[in-house]
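See structure below.
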Amino acid sequence: MFKVGGIYTVIRTKAATTVEELGDHYVLLGPLNEVCMRTEVDVSEPTNEALKRTINALRKHDIKIVFGRWLIEGYPNVVLFDIGSSAWRIDSWKKDLWESCNIGIPVHDSECNDAVIFGALVAWFLGEVKNLKECEPAPRPPIIAHFHEWLTSVGLIFTRTRHLDVATVFTTHATLLGRYLCASSADLYNNLPKFDLDKVI
């Protein structure tokens, strides 16, 4: 787990309800932070066969993955990727981003580099899950990937550029316009059509 401001809180507070709805089909993906993992994750191996095969498929490519249960209400499944174990692939993934979307990533920006590695691993994971699910008898549950904030957005981009048949949702939890509106105590929902970011700034 890697605590990133309000995202951590948002996911944590909705986990119990989501697990109640989706059960073991709800899996949180994140970058591995060894310190947080020791106190917040009950490390184990998955009992879900498709999840187990997906993780093993990536491990065969020397990707370090930790599976377990997040020690919060709902006890959701977590798959944590050790970004360092795949850092040697970053040039290839940056090339893919450039060639498919004209998105360039600064060489020495560690935060952006980590986002690229994590995003590529997430898309790879989703691709493996999708391939395994296609072998199962119908009806197969849909795969929905919810990406939070720009740090995860590369995973969404790779999911699209690799044409993975996965439904995607992207949420940004704070925007410049939102910050200005909240600071001014604006009646956001009743006035939403009237707001113009260019006039607020």
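Under our numbering, the first residue of the sequence shown is numbered 1262, with each subsequent residue one higher. Every residue gets a Cβ at the ideal spot worked out from N, C-alpha and C, and that includes glycine. Everything numeric in this text was worked out from a predicted model, so none of it was measured.
By alpha-carbon positions, which one of the options ends up nearest to residue i?
{"i": "Ile-1333", "options": "Ser-1371, Thr-1270, His-1434", "result": "Thr-1270"}
{"i": "Asp-1202", "options": "Gly-1345, Pro-1307, Gly-1291", "result": "This structure cannot speak to residue 1202, because the chain is shown only from 1262 to 1462."}
{"i": "Ala-1311", "options": "Glu-1397, His-1434, Ser-1414, Val-1296", "result": "Glu-1397"}
{"i": "Glu-1306", "options": "Asp-1370, Val-1339, Lys-1455, Pro-1454", "result": "Val-1339"}
{"i": "Val-1327", "options": "Val-1288, Glu-1281, Pro-1454, Leu-1393", "result": "Val-1288"}
{"i": "Arg-1350", "options": "Val-1377, Thr-1315, Leu-1393, Arg-1330", "result": "Val-1377"}
{"i": "Gly-1291", "options": "Ala-1406, Lys-1391, Glu-1389, Asp-1370", "result": "Ala-1406"}
{"i": "Thr-1300", "options": "Asn-1374, Trp-1331, Trp-1411, Glu-1282", "result": "Trp-1331"}
{"i": "Asn-1309", "options": "Ile-1272, Leu-1393, Thr-1274", "result": "Leu-1393"}
{"i": "Thr-1433", "options": "Glu-1410, His-1424, Phe-1419", "result": "Glu-1410"}
{"i": "Ser-1414", "options": "Gly-1380, Asn-1451, Glu-1395", "result": "Gly-1380"}
Exposed or buried, which one is residue i when buried takes at least 16 other CB atoms within 10 Å?
{"i": "Lys-1321", "result": "exposed"}
{"i": "Thr-1278", "result": "exposed"}
{"i": "Leu-1387", "result": "buried"}
{"i": "Lys-1355", "result": "buried"}
{"i": "Pro-1337", "result": "buried"}
{"i": "Ala-1384", "result": "buried"}
{"i": "Asp-1357", "result": "buried"}
{"i": "Pro-1454", "result": "exposed"}
{"i": "Trp-1359", "result": "exposed"}
{"i": "Leu-1283", "result": "exposed"}
{"i": "Ala-1399", "result": "exposed"}
Using a Cβ-Cβ cutoff of less than 7 Å, which residues in the same chain neighbour residue i once the five nearest sequence positions on both sides are dropped?
{"i": "Leu-1382", "result": "Ile-1324, Phe-1342, Ser-1347"}
{"i": "Gly-1329", "result": "Val-1302, Asp-1303, Val-1304, Ser-1305, Val-1339"}
{"i": "Glu-1389", "result": "Thr-1315, Ala-1318, Leu-1319"}
{"i": "Pro-1402", "result": "His-1286"}
{"i": "Asp-1217", "result": "Within the shown structure, residues of the chain are numbered from 1262 to 1462, placing residue 1217 beyond reach of any answer."}
{"i": "Thr-1429", "result": "Ala-1406, Phe-1408, Leu-1417, Thr-1420"}
{"i": "Gly-1365", "result": "Trp-1359"}
Just list the residues that DSSP pairs residue i with in beta bridges.
{"i": "Val-1430", "result": "His-1407"}
{"i": "Val-1288", "result": "Asn-1338"}
Between which residues of its own chain and residue i is the CB-CB distance below 6 Å, once the five residues before and five after are set aside?
{"i": "Lys-1313", "result": "Pro-1307"}
{"i": "Thr-1422", "result": "Ser-1361"}
{"i": "Phe-1431", "result": "Phe-1408, Leu-1417"}
{"i": "Leu-1412", "result": "Ala-1376"}
Apart from the five residues on each side of it in sequence, which residues of its chain come closer than 8 Å, Cβ to Cβ, to residue i?
{"i": "Met-1262", "result": "Low local confidence applies: a pLDDT of 45 at Met-1262 is under 50, so the model's placement there is unreliable, and no value is given."}
{"i": "Pro-1367", "result": "Cys-1373"}
{"i": "Glu-1281", "result": "Gly-1335"}
| said: Quick check for students: name the residue ranges of the beta strand (DSSP E) that lie wholly in the region 1303-1375, counting only runs of 3 or more. | reply: 1326-1331, 1338-1342
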